[in-house]
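With our numbering as the guide, the letters of the sequence shown map in order to residues 1 to 120. This report refers to the structure that appears directly beneath it.
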Amino acid sequence: RHDVTLKLDHISIESVEKMAAFIAVNYNQDISTNDVANTVGLHTDYANRLFKAAFGITIKHYILEQRVAHAKRLLSTSKKNIATIAFDAGFNSISRFNATFKSRCGYTPKAYRKSFYVSV
1 RHDVTLKLDH ISIESVEKMA AFIAVNYNQD ISTNDVANTV GLHTDYANRL FKAAFGITIK
61 HYILEQRVAH AKRLLSTSKK NIATIAFDAG FNSISRFNAT FKSRCGYTPK AYRKSFYVSV
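Written out as structure tokens, the structure reads:
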């Protein structure tokens, strides 16, 4: 029987740090959990377990969080249109971006942006 909790040793922590760094540089590209695992030479499932043990979320979820954070920065600081922001943040479709953004933030991207601009 496998232990549900995974103890992180020094090597595991280094792997998780390298995966997080890879995501930080590449989240706006078309990357997958497999791509992240390959950067540290681990099987995808094991890499995901290590990552979840360290961060409490899966690699895929972490990538989405980074993409949404990027989109939030652009929505609040730029006049770029929402479609451009979606693709800049690494989303492959506007509908996927809108759905992911709303589920994570509770607002549509348009409503989120509107909250930063007060009409005069």
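Backbone N, C-alpha and C define an ideal beta-carbon position, used for all residues, glycine too.
Closest by C-alpha distance to isoleucine 23, out of Asp35, Lys79 and Arg104, is Asp35. In terms of CA proximity to alanine 20, Phe55 leads the group Phe55, Ile82, Arg73 and Gly106. Under the criterion of beta carbons closer than 8 Å, alanine 71 and proline 109 qualify as touching, at roughly 7 Å. Here the alpha carbons of leucine 75 and isoleucine 85 stand approximately 7 Å from one another.
If the five residues before and after isoleucine 82 are omitted, its C-beta is found closer than 7 Å to the C-beta atoms of Pro109 and Lys110, all from its own chain and listed in chain order. With respect to threonine 58, phenylalanine 51 sits close: the two C-beta atoms are nearer than 8 Å.
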